[in-house]
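Engineer: Encoded as structure tokens, here's the structure I'll be asking about.
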Amino acid sequence: MKKKELLNDIYNVGIFGKAVAYVYTIEFQKRGLPHVHLLIILRHPFKLLTTDDVDSCISAQWTDPETQPLLFRTV
């Protein structure tokens, strides 16, 4: 059900821009838990072509040990 909604949001709604095509495979872990590997092909204006394009969509940062000590120790 979640996969179907995700594919609808990607392909029909266009949450990442206009998708030209997609392909996916479903795999199962040792205990039978399924997960999806998904490749989305976008139209040219929406493609991430450079590292700067990717950096504009993705960010990561360390938690501050002063303001969030539990989260800092967990990570």
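Going left to right, the sequence shown walks through residues 0 to 74 as numbering that gives the first Met the number 0 numbers them. Positions of the beta carbon are idealized from the N, C-alpha and C atoms, including for glycine. Just so we're clear, the structure is a prediction, and the values are computed from it rather than from any experiment.
1) Within the region 23–51, note down every full beta strand (DSSP E) run reaching 3 residues or more, in order along the chain.
2) Counting only the same chain and skipping the five closest in sequence on each side, list residues whose C-beta sits under 7 Å from that of residue 37.
3) Sort out for me which residues DSSP pairs residue 21 with in a bridge.
4) What are the boundary residues of the alpha helix (DSSP H) that residue 15 is part of?
5) Taking residue 9 and residue 40 to be in contact with their CB atoms under 8 Å, please state how far apart those CB atoms are, rounded to whole angstroms.
6) Measuring alpha carbon to alpha carbon, tell me which of 73, 46, 57 ends up nearest residue 19.
Structural biologist: This is what the structure gives:
1) 33–41, all fully within the region 23–51.
2) Hits under 7 Å: 21, 23.
3) 39, per the DSSP bridge assignment.
4) Looking at the DSSP string, residue 15 is not in any alpha helix (DSSP H), and its letter there is neither H nor E.
5) With 8 Å as the limit, residue 9 and residue 40 do not qualify as a contact, their Cβ atoms being about 11 Å apart.
6) 46
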